[in-house]
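Structure record follows, encoded as structure tokens.
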Amino acid sequence: MVDVARRAGVSVATVSHVLNETRPVRPGTRKAVLDAIDDLGYIPNTLARSLVTSRTRSIGLAVSAISNPYFTEILQGVESSALERGYGLLIADPHDDPEHERKAVGLLHERRVDGVIVAPSAEPAGLLEYLARREIPAVFLDRLVGDAHDQVCAENARPVEQLVDHLAGLGHIRIGLIAGLPGLSTTTERIAGYRAGLERHGLPFRPGLLAEGHSEARGAEDAVHRLLASSEPPTAIITANNVMTIGALRALRTAGLGVPDDLALVCFDDFSWADVFSPGLTAISQPSREVGATAVRLLLDRLEDPARPPRTVRLPCDFVHRTSCGCVAEAPDRPLPGTPGLPGKDPVS
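Its first residue numbered 1, the sequence shown is counted upward by one per residue in UniProt numbering.
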């Protein structure tokens with residue numbers, strides 16, 4: 001640190017303030033210190049710094065199903081935003097199990113992270129009690145746990161309602177939904193959007209057309225087989241996440257049914273290879289990376305001001321029109337005319 005101070009022409013105390021953010025430093029002075037650090041290849045001793053500041057400049061991330069492309073993109077958003085702000089990232093996978101979830105967050109806490117970002121399970125009560133008892137700063141993403149907590153997600157109800165609007169506009173009256181894991185806020189809100197869409201078009205809600213896919217490919221595959229075996233099978237299906245879309249496609253292939261000639265299929269969650277399918281998948285595209293980046297901003301704001309009121313941020317989605325719905329897309333991979341980003345609260349600045 002002495003060498004950095006000498007190279008930058010400042011005091012050792014100023015270098016310390018820049019590294020630890022313990023006092024405002026003029027932009028020009030800060031740049032001189034950072035340039036000196038870069039020139040000298042100086043690596044700060046984070047352990048020693050944590051003993052002085054009680055901060056490790058690290059964030060814990062507990063997200064289930066990291067192999068899911070949606071959560072992978074969220075992870076990228078968290079990691080890039082944290083790195084940009086000088087924070088490291090420790091990751092744990094709770095596997096959507098409440099007990100495993102508490103242990104995973106406890107392990108992150110033992111590693112002295114400054115705070116945690118969590119995609120909670122369907123039964124988060126134990127986790128919430130654990131975090132509150134230990135006063136661990138936390139932000140919840142994707143799945144909401146109540147307005148008393150900082151949290152961020154994509155809009156859920158309105159996008160599914162729009163999928164129903166689109167299918168009903170094509171003449172479908174028996175529209176099925178493969179729902180996610182019961183108890184998750186995403187599942188509850190997407191079912192609400194499905195029912196609202198049916199009601200708006202004067203279509204009855206048929207319990208037999210709502211099947212639980214448990215947010216898994218195999219669960220969705222079994223759910224589609226159940227729907228197809230019913231006395232009044234659907235003519236169109238909405239899958240509530242991208243993993244379940246894979247299971248639905250497998251089930252339809254096994255049944256010898258083509259999309260969209262025999263049955264229309266649309267999904268909540270777009271992914272980078274959705275246009276590779278023939279036909280391309282009509283989908284709701286979530287702002288995955290922005291969800292992750294917003295979670296980091298919320299957490300750092302909480303660390304800066306622990307007394308600030310909690311915030312809930314909902315980010316808008318896009319309707320991506322391809323051809324699995326049964327109509328010809330005017331412009332693949334682009335929203336339909338008149339359907340830009342769906343309404344939501346402004347992102348955190």
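Glycine residues also receive a C-beta, built at the ideal position from the N, C-alpha and C atoms.
All figures in this text were calculated on a predicted structure; none of them were measured in a lab.
Item: D3: first and last residue of the uninterrupted alpha helix (DSSP H) it sits in; Value: 2-8
Item: Whole-number beta carbon distance between L252 and V259, since they are thought to touch under 8 angstroms; Value: 6 angstroms
Item: Cβ pair L108, A92 closer than 8 angstroms; Value: yes
Item: Residue span of the beta strand (DSSP E) that contains A211, given as start and end; Value: 210-212
Item: Check whether L209 and T245 have beta carbons under 8 angstroms apart; Value: no
Item: Cα-Cα separation, I175 to S64; Value: 29 angstroms
Item: Three-way DSSP call (helix, strand, coil) for I66 in this model; Value: coil
Item: Three-state class that DSSP yields for V52 in the structure shown; Value: Residue placement at V52 cannot be trusted, given a pLDDT of 49 that sits under 50; what the coordinates show is reported in the next sentence. If DSSP states are grouped into helix, strand and coil, V52 belongs with the helices.
Item: For V320 and D3, the rounded distance between their alpha carbons; Value: 55 angstroms
Item: Option in S288, D301, S215 with minimal Cα separation from L75; Value: S288
Item: Residue environment, G202, which counts as buried when at least 16 other CB atoms sit within 10 Å; Value: exposed
Item: Closest by C-alpha distance to V116, when choosing among I59, D275, A157, R302; Value: I59
Item: Cutoff 6 angstroms; reference D262; Cβ partners in own chain excluding five residues on either side; Value: none
Item: Contact test: R158 Cβ vs the ligand PLP heavy atom, cutoff 7 angstroms; Value: The ligand PLP is absent from the structure shown, which contains no ligand whatsoever.
Item: Where A48 falls, given that 16 or more other Cβ within 10 Å makes a residue buried; Value: Reliability of the predicted coordinates at A48 is poor, the pLDDT of 49 falling under 50, and no value is obtained from them.
Item: Given 8 angstroms, three or more beta-carbon pairs between the stretch 155-167 and the stretch 190-201; Value: yes
Item: Contacting residues, own chain, Cβ-Cβ under 6 angstroms from S121 (five flanking each side not counted); Value: D96, P98, E101
Item: Residue closest to R322, alpha-carbon to alpha-carbon, out of T14, R206, A274; Value: A274
Item: Own chain residues within Cβ distance below 7 angstroms of V145, not counting five before or after; Value: P120, P124, L128, Q151
Item: Distance between beta carbons of E155 and L315, contact taken as under 8 angstroms; Value: 7 angstroms
Item: For S324, the residue or residues it bridges with in DSSP; Value: In the DSSP output, where bridge partners are listed per residue, S324 has none listed.
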